[in-house]
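4 protein chains.
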Amino acid sequence: MNNSPLSQQSETATTPLPRKILITDCEDAQGLIANITGVCFAHQLNIIKNTEFVDHQQGRFFMRTVLEGKINDEALLADLRQVLPEQNHMKLVDAGKKRIVVLVTKEAHCLGDILMKSYYGGLDVEIAAVIGNYDILQGLTEKFDIPFHYVSHQGLDRQEHEQAMLEKIKHYSPDYIVLAKFMRILTPEFVAEFPNTIINIHHSFLPAFIGASPYRQAWERGVKIIGATAHFVNNCLDEGPIIKQDVINVDHSFSAEEMAHNGRDVEKSVLSKALQLVLEEQVVVYGNKTVVF
Amino acid sequence: MNNSPLSQQSETATTPLPRKILITDCEDAQGLIANITGVCFAHQLNIIKNTEFVDHQQGRFFMRTVLEGKINDEALLADLRQVLPEQNHMKLVDAGKKRIVVLVTKEAHCLGDILMKSYYGGLDVEIAAVIGNYDILQGLTEKFDIPFHYVSHQGLDRQEHEQAMLEKIKHYSPDYIVLAKFMRILTPEFVAEFPNTIINIHHSFLPAFIGASPYRQAWERGVKIIGATAHFVNNCLDEGPIIKQDVINVDHSFSAEEMAHNGRDVEKSVLSKALQLVLEEQVVVYGNKTVVF
Amino acid sequence: MNNSPLSQQSETATTPLPRKILITDCEDAQGLIANITGVCFAHQLNIIKNTEFVDHQQGRFFMRTVLEGKINDEALLADLRQVLPEQNHMKLVDAGKKRIVVLVTKEAHCLGDILMKSYYGGLDVEIAAVIGNYDILQGLTEKFDIPFHYVSHQGLDRQEHEQAMLEKIKHYSPDYIVLAKFMRILTPEFVAEFPNTIINIHHSFLPAFIGASPYRQAWERGVKIIGATAHFVNNCLDEGPIIKQDVINVDHSFSAEEMAHNGRDVEKSVLSKALQLVLEEQVVVYGNKTVVF
Amino acid sequence: MNNSPLSQQSETATTPLPRKILITDCEDAQGLIANITGVCFAHQLNIIKNTEFVDHQQGRFFMRTVLEGKINDEALLADLRQVLPEQNHMKLVDAGKKRIVVLVTKEAHCLGDILMKSYYGGLDVEIAAVIGNYDILQGLTEKFDIPFHYVSHQGLDRQEHEQAMLEKIKHYSPDYIVLAKFMRILTPEFVAEFPNTIINIHHSFLPAFIGASPYRQAWERGVKIIGATAHFVNNCLDEGPIIKQDVINVDHSFSAEEMAHNGRDVEKSVLSKALQLVLEEQVVVYGNKTVVF
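One line per chain: the protein sequences are W, A, P and H, in this order.
Counting in UniProt numbering, the first sequence runs from 1 upward without gaps.
Counting in UniProt numbering, the second sequence runs from 1 upward without gaps.
Counting in UniProt numbering, the third sequence runs from 1 upward without gaps.
Counting in UniProt numbering, the fourth sequence runs from 1 upward without gaps.
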């Protein structure tokens, strides 16, 4: 908690204290909150925000702590390790801007929303590059002075194509990879290179309408609601940990094409919101689920 | 359209003109609206509300017309038949109160909402009777002076149990049958007795989580949205024409039991709204879908 | 945090440990979370759930802690007082069922939903009594074996009427008073008897359409959304701290009466959800606002 | 209704029949639907879609008809006039792309969404020009090869500034003018030049929080929902006919700035949806309200 009087705050306004985010994920035990926050207190850190979740069924403890102050990462983590159960995961990262690479195919709306939000500050993100297996979105990307790499899959087998993309991606060392309507299935080998790092938008409220043409499936079923799902990618198609979902109403008068047209807005909105959560380190993957703080 | 001057309206206020609802469903053809409304005009009927839908892909025309005036049903339908394509379906029903029978098992929330809305006029319905395969909801039903029939399935095979319910139901000649969390699967024979007449509430946003324990399935999948679906019952489990769907947000902190607890409100709300649409003859079944006017 | 192995849990399943909820509200200071949870740990209490909020602008700290174990209230509060800033408010209450008195006028939908949810366990509440300034809802209340007091305002001035209600209410010592469409304005004297204790449902999304006939006001303005607001009652009409709000879509075809008809569902739903939050001690009043944990 | 067999449709696919939209707005009278659709039928026009609304309280009839075929505008309107009451308004416009001019100040999100949707076909619109009273959004606009006119209000009185904008606007003869976060109040004289033609986005769910700083007002009131309203501009600030509204949930943890940040998404979404309705001639202004077909 911040106990600086306002006068002090204004003095330090020109050189704000650095902020980091600590994610703790371990077996549940008595006294964990007291112990963890006690260590932070001993390190003279302010806790700006603190959120916990305990899965009582599985006895697992999660906490996200926004810390402010002069942080000695190694010393802090070492002291925290002393008070945590043996099996524990900790992540301590800067609270600032993250870097992403975006993969696309032909559709502009999700990429467009990320480009625009990055441009006006709606997302605190650096788009390092966009990679497309078509060159259709090159013009749009370059309007925003962001490099576009056209990596066609024509004449390449799946491994060769992914290898070509991999080289481009690794060059930028992104924190996260965003599939903004990238319409190809990734191999387990590619996914394994980026565990809990690839975010996909699927154009249905999963687990309904897995796979191809979800809007056509929705139209055929006669549903009254369609939706979109942002999730981390794992080895099973459309079955990775879900980050965010949202829906819109439709009715009998919608053709499959009109569902797709109206669905674009919810797709782009869900992807952008999921991305914001991920960029602010509010999402912890846990088995095939997420804790979203 | 109503062209009565207000003075006339107030004179007739004590004896309002009867209202009927005409549903027309036929092959599309040029001039249908003009021809149908022309016949109604010729019969000196006011059109209070008129709504059409054309499925241009399949060339099918649907219209719902609320008529006011002295209606000679047979003459009107005969004249309409003259202007419609040969393959046509027409339905002409009173706009007033409909009669239902409700089937239940153990859970009170959906039955409770229907009872309460019927009590205070939130639904324009006569609940002729409630039938339960447990007697748990007998007390609640009888508080509202509605007959409850306990038709246990114990010791009966499926056909015998349905036969016992069928006798009770037929006694009341209901317009519609409502499955308010009736947790047994009906046989095709039973369903065939009541085509497009049985309304079910399923506790998921179909087609996600078909079948048993949808909240547990939702919890295991880690979804961020749960929902409910009201649909007409046909021979395939949870696959009948959808009338209404709605969803609520959940997060990682919900257990399967808490999802079920919170889901009750959306279940009862979706069922009541679907029922209101059906009671007002706003729903037309078309293949495995509905047109909801 | 719960560190009981599962085997222990099942042993204690027949005599679960008591749970209490601790609300802390004080000036912000460094180390508060560590200090408070440290005291709880020292008292050998499990923290089942812990949620904090810091208003950094005003330097104010709020925490809600669900505690499990053998709690010595006085000793715990005394020890906590040692680690809190001088100006602090603490509230330590049982986690169990609360008692309410409901005030009504003529409309049944909000009362009906509370009665029904109390009946089937959707709300963990004891409805001690219902008081009406009309006797219209006496029949409905008594169906559920709950006392109804008809306290007519006819022939009484406002103070006399409130005095008559006050005597009834005090007899039941309710934890909360629920205005379930009670259509009279309460005097400051009455409200002062029950600070942050009276919950009202207003049939608009406040601050739009304060006062009388909000649906007619909404219809006249031609809004596309209507809503409902549950709030604590203070001395300014419809201006108390907001607990919960929700909306539904309307369109040009709705008359003011149809808005009112459709609004009932959102009114009852918002009131019930607000009540659940209040009953579970998730709501802290703070100035003219609420923190909802 | 379309009675073309599919084989014919594919033949005419290269030269589709022209479509127009007919809006009829007149005193209610018996037989209007039959008469209007009868005239269209006599002109050998297909009715692709037809929607009516009757305000029975005020005796007013509205109809929107999508017509397909070779339309002789003058002859059709003349024949329709024969069958309508004397006081009637008709509007017959091409169904195709409309032209807009966008007015902005400093914020990019609403303009950005319109630019992007226009770019990828999410809105069927030609953005003829953008006019800003600051030059901040010039770079963004010109990325999309659309002219930007910087018309500063510095050193000009209100009339002079509006006159300068008016000249630019008139040069482009737009169908509609969009205020995409244009933060200046327009004079009645300016508004009178463009009746029912100027669309504004206000960052609250009107009529709550009229005027300046609605997010700060919302934060001070402690609301749990914030929203946005798109409306036609008339002479009263924020009181023109409402086209579209939507809301998002907020809680105690949002600062006024965070409400504003999160509100941007709903602002841009509401404005784009309202614009789509207007562009497709689905909105009819009626007194201070809209009929949205």
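We put the beta carbon where it would ideally sit given N, CA and C, even for glycine.
None of these values were measured; they are calculated from a predicted model.
key: Endpoints, the alpha helix (DSSP H) within which E220 of chain A is located   = Along the second sequence, one-based indexing puts residue 220 of chain A at 220. E220 of chain A -> alpha helix (DSSP H) spans P214 to R221.
query = Going by DSSP, which residues form a beta bridge with F232 of chain A?
reply = Against the second sequence, residue 232 of chain A aligns to sequence position 232. Answer is A:I199, bridged to F232 of chain A.
query = Grouping DSSP H, G and I as helix and E and B as strand, with all else coil, what is S10 of chain P?
reply = Against the third sequence, residue 10 of chain P aligns to sequence position 10. Legend: pLDDT at S10 of chain P = 41, less than 50; position of this residue unreliable, value from coordinates given subsequently. In this structure, S10 of chain P counts as helix in the three-state DSSP scheme.
For Q30 of chain H, three-class secondary structure by DSSP = Residue mapping note: residue 30 of chain H aligns to position 30 of the fourth sequence, counting from 1. Looking at Q30 of chain H - three-state DSSP - the assignment turns out to be coil, as it is neither helix nor strand.
task = Within its chain, find whatever has a CB closer than 8 angstroms to the CB of E281 of chain P; leave out the 5 residues flanking it on each side and keep chain order.
result = Taking the first residue of the third sequence as 1, we reach residue 281 of chain P at position 281. The answer, listed in chain order, is I21, I23, R64, K91, V93 and A95.
Minimum Cβ-Cβ distance from A228 of chain P to chain A less than 7 angstroms = Counting from 1 along the third sequence, the entry for residue 228 of chain P is found at position 228. Not an interface residue.
query = Would you call Y150 of chain A buried or exposed, if buried means 16 or more other Cβ atoms sit within 10 Å of its Cβ?
reply = Translated into the one-based positions of the second sequence, residue 150 of chain A becomes position 150. Exposed: under 16 other Cβ atoms inside 10 Å.
query = Looking at the structure shown, is V39 of chain H part of a helix, part of a strand, or coil, going by DSSP?
reply = Taking the fourth sequence and counting its residues from 1, the one referred to as residue 39 of chain H is at position 39. Three-state result, V39 of chain H: helix.
request  = Mind reading off the beta-carbon distance from I199 of chain A to L179 of chain A? Whole number of angstroms is fine, and I expect it under 8 angstroms.
outcome  = Your numbering for residue 199 of chain A matches position 199 in the second sequence. Your numbering for residue 179 of chain A matches position 179 in the second sequence. That pair is a contact at about 7 angstroms.
query = In the stretch 15-32 of chain W, which residues sit with their C-beta less than 7 angstroms from some C-beta in chain P, listed in chain order?
reply = D28, A29, Q30, G31 and L32
inquiry  = On the criterion of 16 or more Cβ atoms from any shown chain inside 10 Å, does S253 of chain P qualify as buried, or is it exposed?
reply    = By 1-based counting over the third sequence, the position of residue 253 of chain P is 253. It is exposed - the Cβ of S253 of chain P has fewer than 16 other Cβ atoms within 10 Å.
query = Does the beta carbon of I201 of chain A come closer than 7 angstroms to any beta carbon on chain W?
reply = Here the question's residue 201 of chain A lines up with position 201 in the second sequence. I201 of chain A does not count as touching chain W.
key: Reduced DSSP secondary structure (H/G/I, E/B, other) of N259 of chain P   = The residue labelled residue 259 of chain P in the question sits at position 259 within the third sequence. Inspection of the sequence shows that residue 259 of chain P is occupied by Met rather than by Asn. Note: M259 of chain P maps to helix in three-state DSSP.
inquiry  = Just to confirm, is the Cβ distance from N46 of chain W to G69 of chain W under 7 angstroms?
reply    = Taking the first residue of the first sequence as 1, we reach residue 46 of chain W at position 46. Taking the first residue of the first sequence as 1, we reach residue 69 of chain W at position 69. Yes. Within cutoff.
query = For the stretch 114-162 of chain H, which segments carrying the alpha helix (DSSP H) assignment without a break, of at least 4 residues, lie completely within its bounds, in sequence order?
reply = 138-143
message = Can you check which of these residues, H:K143, H:L123 and H:G222, is closest to V130 of chain H by C-alpha distance?
response = Position 130 of the fourth sequence holds residue 130 of chain H. Residue H:K143 is the option with its Cα nearest to V130 of chain H.
task = Just confirm the distance between the C-beta atoms of K244 of chain W and A218 of chain W, as a whole number of angstroms; I'd bet it's less than 8 angstroms.
result = One-based indexing of the first sequence puts residue 244 of chain W at position 244. One-based indexing of the first sequence puts residue 218 of chain W at position 218. K244 of chain W to A218 of chain W, Cβ: 19 angstroms. No contact.
query = What residues are listed by DSSP as bridge partners for L279 of chain P?
reply = Residue 279 of chain P sits at position 279 when you count from the first residue of the third sequence. None, per the DSSP bridge assignment.
request  = For R221 of chain A, return the contacting residues in chain W, with the cut-off set at a CB-CB distance below 9 angstroms.
outcome  = Taking the second sequence and counting its residues from 1, the one referred to as residue 221 of chain A is at position 221. L206, P207, E239, I242, N288 and K289, listed in chain order.
ask   = Within the 7 angstroms Cβ cut-off, does V130 of chain A reach chain C?
value = The displayed structure is made up of protein chains W, A, P and H, and chain C is not among them.
inquiry  = Less than 7 angstroms between the C-beta atoms of V101 of chain H and P188 of chain H, yes or no?
reply    = Translated into the one-based positions of the fourth sequence, residue 101 of chain H becomes position 101. Translated into the one-based positions of the fourth sequence, residue 188 of chain H becomes position 188. No; because the gap between Cβ atoms is not below 7 angstroms, this pair is not in contact.
inquiry  = Let me see if you follow: with CB-CB separation under 7 angstroms, is A260 of chain A close to chain P or not?
reply    = As a first step, residue 260 of chain A must be located in the second sequence, where it is residue number 260. No, because no Cβ of chain P sits closer than 7 angstroms to the Cβ of A260 of chain A.
request  = Pull up the CB-CB distance for F190 of chain W and E162 of chain W, whole angstroms please, since I reckon it's below 8 angstroms.
outcome  = As a position in the first sequence, residue 190 of chain W is number 190, starting the count at 1. As a position in the first sequence, residue 162 of chain W is number 162, starting the count at 1. Indeed, because the Cβ distance is near 5 angstroms, the residues count as touching under 8 angstroms.
ask   = Once you ignore the five residues that flank D113 of chain A on each side, which residues in its own chain have a CB closer than 8 angstroms to its CB?
value = Numbered from 1 along the second sequence, position 113 holds the residue referred to as residue 113 of chain A. Closer than 8 angstroms at the Cβ level, and outside the excluded window around D113 of chain A, lie K268, S269, L271 and S272.
message = Quick check on DSSP: helix, strand or coil for R184 of chain W?
response = What you label residue 184 of chain W is simply residue 184 of the first sequence in a count that begins at 1. Coil at R184 of chain W, not helix or strand.
message = Can you tell me whether H89 of chain P is helix, strand or coil according to DSSP?
response = Here residue 89 of chain P corresponds to residue number 89 of the third sequence, with the count starting at 1. The answer is strand: DSSP assigns H89 of chain P an E or B state.
message = Considering only DSSP beta bridges, list what Y176 of chain P is partnered with.
response = In the third sequence, the residue the question calls residue 176 of chain P occupies position 176. DSSP output for Y176 of chain P lists P:I100 as bridge partner(s).
query = Looking at C-alpha atoms only, which residue of P:Y119, P:S118 and P:A108 is the closest neighbour of Y119 of chain A?
reply = Residue mapping note: residue 119 of chain A aligns to position 119 of the second sequence, counting from 1. It is P:A108.
key: Same chain, Cβ closer than 7 angstroms to D246 of chain W, five either side skipped, listed in chain order   = Within the first sequence, the letter at position 246 stands for residue 246 of chain W. If we look at D246 of chain W and ignore the five residues flanking it on each side, its Cβ neighbours are G227, A228, V266, S269 and V270.
task = Output the distance between the C-alpha atoms of D238 of chain A and F293 of chain W, rounded to the nearest integer angstrom.
result = Locating residue 238 of chain A in the second sequence gives position 238, where the first residue counts as 1. Locating residue 293 of chain W in the first sequence gives position 293, where the first residue counts as 1. So the alpha carbons of these two residues sit roughly 34 angstroms apart.
task = Give the DSSP bridge partners of K289 of chain H, in chain order.
result = Reading the fourth sequence from its first residue, position 289 is the one you call residue 289 of chain H. Per DSSP, H:Y286.
message = With a threshold of 8 angstroms on Cβ separation, who are the neighbours of V54 of chain A within its own chain once the five nearest residues in sequence on each side are excluded?
response = Taking the second sequence and counting its residues from 1, one reaches residue 54 of chain A at position 54. Correct list, in chain order: D28, R60, F61 and F62.
query = What does N46 of chain W reach in chain P if we use C-beta pairs closer than 9 angstroms?
reply = Counting from 1 along the first sequence, the entry for residue 46 of chain W is found at position 46. In chain order: Q30.
ask   = In terms of residue numbering, what span does the beta strand (DSSP E) encompassing L67 of chain A cover?
value = Counting from one through the second sequence, the residue named residue 67 of chain A turns up at place 67. Run containing L67 of chain A: R60 to E68, per the beta strand (DSSP E) assignment.
query = Are K181 of chain P and C110 of chain P touching if we call contact CB-CB under 7 angstroms?
reply = Counting from 1 along the third sequence, the entry for residue 181 of chain P is found at position 181. Counting from 1 along the third sequence, the entry for residue 110 of chain P is found at position 110. Yes, the pair counts as a contact, with Cβ atoms nearer than the cut-off.
ask   = Which residue from A:F41, A:Q44, A:H43 and A:T37 puts its Cα closest to that of E52 of chain A?
value = Counting from 1 along the second sequence, the entry for residue 52 of chain A is found at position 52. Comparing Cα positions, the closest option is A:T37.
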